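A.B. asks: Numbering (the working numbering), first residue to last: 12 to 231.
Glycine included, every Cβ here is placed at the ideal spot set by N, Cα and C.
Quick caveat, the model's predicted, so the values are computed rather than measured.
The structure under discussion is supplied below as structure tokens; questions concerning it will follow.
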């Protein structure tokens, strides 16, 4: 005979509503504000195991439980729907009763009277879709060897034309002659011969410019 399972020493007595740890640890629940969490607990309090989709948060009922601000309640409802922790299953109104709700981690077993969901459109687990995807580790380009024959990603930009601006020559000599007539003179033969041994003295040349208008020849 199989042994009878022993009752847990800390088992809950009386009725209770269980919430999966996956829901409590999810980004959808952890990131919710305190009013949204508190309103979600008001929905959970009504669960009986067969009435998901038929939960309500009507103002008269909430006021008895300490909710005094209608604006806070509306913001909490909107956040629960944004985080997909709860959805509306029927829109209420005049002579239609309050809006009906469902928590999204449980299935709906009774669709009678529900106008916003059906067995074909409702799938439990919408709260899980808010969890961010696992990030892909980034590639560290610095680990690539600098001597690699393959260039790193991207295009190298080289300037085919010089950058704007005037360039200053490193030499002190002027590339353009000064204004006026230039006079060409010969180096003295003695100095030239002394400077370069074995070289013949240069021949007299015609003076060019203002000093050479007469066409005379001079010798150094």
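Whole angstroms is fine: what's the gap from residue 21's alpha carbon to residue 113's?
C.D. replies: 29 Å
A.B. asks: Output needed for residue 137: all residues of its chain with C-beta closer than 6 Å, excluding positions within five of it in sequence on either side, in chain order.
C.D. replies: 95 and 115
A.B. asks: Residue 72 to residue 128, Cα distance in whole Å?
C.D. replies: 24 Å
A.B. asks: Just grab the DSSP bridge partners of residue 66 for me.
C.D. replies: 112
A.B. asks: Reducing DSSP to helix, strand and coil, say where residue 97 ends up.
C.D. replies: strand
A.B. asks: When the Cβ atoms of the stretch 20-40 are set against those of the stretch 66-80, are three or more pairs found closer than 8 Å?
C.D. replies: Result no; under three Cβ-Cβ pairs closer than 8 Å.
A.B. asks: Given a cut-off of 8 Å on the beta-carbon distance, is the pair residue 46 and residue 87 in contact?
C.D. replies: Yes. Within cutoff.
A.B. asks: For residue 62, tell me which candidate among 52, 76, 118 and 39 has the shortest Cα-Cα distance.
C.D. replies: 118
A.B. asks: Going by C-alpha distance, which of 91, 108, 31 and 106 is nearest residue 53?
C.D. replies: 91
A.B. asks: Who does residue 104 pair with in a DSSP beta bridge?
C.D. replies: The partner list for residue 104 (beta bridge, DSSP) reads 108.
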